[in-house]
Amino acid sequence: MASEEILEVEKDTDTPDPDATYPPDRDVVTQNYDLVVGSLMDQIENSDIILRPSFQRGYVWSNAMASKLIESVMLNVPIPPCYLSQNEDFELDVIDGQQRLESIHRFMDNQFALSSLAIAKEFNGFRFHKLPTKIQRQIKTHTIRCVMITNKSHPDVKFDIFERLNSNTSTLNAQELRNCLYRGDFNDLLKSIASRESWLKILGRKKADKRMRGEETILRYFAIQELGLDTYRTPLKNWLNDAAAAGSKMTPDQIADFDKKWENMLAVASCLFSADECFRRPASKAVNKSLFDLVSHTASRISMEKAIANRSRIRDDYFDILKETDFEDLISRAVDHKRRMQQRFDLWEDKFSWVFK
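When we follow our numbering, the leftmost residue of the sequence shown carries the number 2, and every step to the right adds one.
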């Protein structure tokens, strides 16, 4: 199954929710620095500045592209600023400019030779250590503007900045950004669950989706179960950020408890529905996020014994509610709007109230 078929595409996803909430203090705290290349490389070597493959989906520039950048530095041509995010450990994560910084780092580490130079052609084929000392100094003393977003900035605002920067570069999606912002044991668990056979079987895949759609779906479940629907807010991405932040603060025992809760939920859901039915509309290959929320929430509230005993009636009610016009509309468009989310759960609760008694 192609990655884009994992989840259904809903209508009106760009329509703003009138009930959306934003932090009252949307100030972002930044500091600007003009740093010489030598200092930047030292900070990378000392892990004060973090270049991680998982942050920007790895290094993708060709040696020819990297060489063109190095030529600009040699000619003292200004290059675009780099954006750094200060985390709670006061490390600096590269938000924008990773390819540029890593290209310079790789060259100064003698990992490739210059090629395809248009102006400084005499240096084609040279690695850093073979360049004349004067040129090496020019590179090491070249200044790069760095904008640091401090850890005093509001998380919602920080996330918004990440999105805006990436809209012009590698276009990371929301969950890929969370993967960078909220690293830790809980984030590792999301990736582990997304790769498990029991989950991949339901998705109809052999491997986890590279764009982390599976992880985000699992995070939706965590948000509903652990934060509760009463905390739901839009934009949805900010609520899921809340969930990721909460998960990053969990103890190992709490993480293990959530893992067990997930596996129990999936077992009950798999008892009620076959792999190609679970969390889907009839005849749909893709998981519907709204149905995932509802079915997973229900499967977490009933025992396996009750699921087995009432399987036939639960399935009948499930396929009945999917035929209701109002419900169909609520799972098809503007699904993340707060009022529509509540209406959807209310209709579902009315239909399945008997099973929770």
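Cβ coordinates follow ideal geometry from the N, Cα and C atoms, glycine included.
Going by DSSP, MET42 is part of the alpha helix (DSSP H) stretching over 38 to 46.
Here ALA245 is not near LEU228, since their CB atoms are 8 Å or more apart. Counting only residues of its own chain and dropping the five nearest sequence neighbours on each side, ILE322 has a CB closer than 8 Å to the CB of PHE328, LEU348, TRP349 and LYS352. Annotation for ARG146: the continuous beta strand (DSSP E) segment containing it runs 144 to 150.
Under the three-pair Cβ rule at 8 Å, the region 180 to 190 does not count as touching the region 108 to 115.
Look at THR235 here: in three-state DSSP terms it is coil, with no helix or strand label.
Under the three-state reduction of DSSP, ILE96 is assigned to strand. GLU217 is a Cβ neighbour of ALA175, given a cutoff of 8 Å. Judged by DSSP secondary structure, LEU85 falls within the beta strand (DSSP E) whose first and last residues are 83 to 87. Assignment of ASN311 by DSSP, reduced to helix, strand and coil, places it in the coil class. Under DSSP, ASN33 forms a beta bridge with VAL148. By the 16-neighbour rule on beta-carbons within 10 angstroms, CYS279 is buried.
Per the coordinates, the alpha-carbon of ASP258 lies some 11 Å from the alpha-carbon of ASN265.
When DSSP states are grouped into helix, strand and coil, ARG107 belongs to the helix group. In the DSSP assignment, ILE50 is bridged to LEU93. Contact annotation, ALA121 with MET75: C-beta distance approximately 6 Å; criterion of less than 8 Å satisfied. For ILE219, the uninterrupted alpha helix (DSSP H) run begins and ends at 214 to 223, by DSSP. VAL78 sits in coil when the DSSP states are folded into three classes, being neither helix nor strand.
Counted as a single uninterrupted DSSP element, the stretch harbouring GLN112 is not any alpha helix (DSSP H), since DSSP gives it neither H nor E. The alpha-carbon separation between ILE219 and ALA195 amounts to approximately 8 Å.
GLU177 counts as buried, since no fewer than 16 other beta carbons sit within 10 angstroms of its beta carbon.
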